[in-house]
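Beneath this line is the structure, given in structure tokens, with notes to follow.
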Amino acid sequence: MQIHVVKSKIHRVKVTGADLNYIGSITIDEDLMDAANIIEGEKVQIVNNNNGERLETYAIPGPRASGEITLNGAAARKVALGDVLILITYAIMYIDDAKNFKPSLVFPNEDNNLLI
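Going by our numbering, the sequence shown opens with residue 221, and the numbers climb by one from there.
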């Protein structure tokens, strides 16, 4: 049997942009994507701590060290600038593998940058 498990999480990033006229997705600072082991085009669950919205889209890389977190397309209607989000990805794996799997957890600072 296979199950869904948390693969990665970027915890408490702030929305820096919302572009309704873009074709869709979430733009994430590429440094954050790398730290969380998220790849371009990967499905991302977005949890908005400010309004309770939950949605799914796919990741596209933004400029490194920019702190960019921009919701694009229809998802832009689900956020406001400054909203605090949790970004989560999942993997499907066998239970025995899942018992030993360690997700990539990222806790950026208030500017959406990695703590060094």
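Glycine included, each C-beta is placed from N, C-alpha and C at the ideal position.
Top-ranked residue by Cα proximity to residue i, from the options
i    : options                : result
E337 : L305, D317, T309       : This structure does not reach residue 337, given that the chain is present from 221 up to 336, and the question cannot be answered.
D239 : I248, D249, L291       : L291
K298 : I243, K322, K229, E273 : E273
I289 : A311, N257, I315, D251 : D251
Q222 : K263, Y314, A295, Y278 : Y314
P283 : V264, G293, I246       : I246
T236 : A295, V264, A300       : A300
P281 : E262, A296, E330, D317 : E262
Host beta strand (DSSP E) of residue i (start-end)
i    : result
M313 : 304 to 314
L334 : No beta strand (DSSP E) contains L334, which DSSP labels as neither H nor E.
A238 : 237 to 239
Contact check, residue i vs residue j, beta carbons under 8 angstroms
i    : j    : result
F327 : H231 : yes
K229 : I306 : yes
I258 : I248 : yes
Opposing strand residues paired with residue i [DSSP bridges]
i    : result
S324 : S228
N292 : D239, S245
N268 : L305
I258 : DSSP lists no partner for I258.
Unbroken alpha helix (DSSP H) run spanning residue i, endpoints
i    : result
E276 : That residue, E276, is in no alpha helix (DSSP H); its beta strand (DSSP E) goes 274 to 282.
Stretch pair the segment 315 to 332 + the segment 266 to 283: three plus CB contacts closer than 8 angstroms: The segment 315 to 332 makes no contact with the segment 266 to 283: fewer than 3 CB pairs, one atom from each, lie closer than 8 angstroms.
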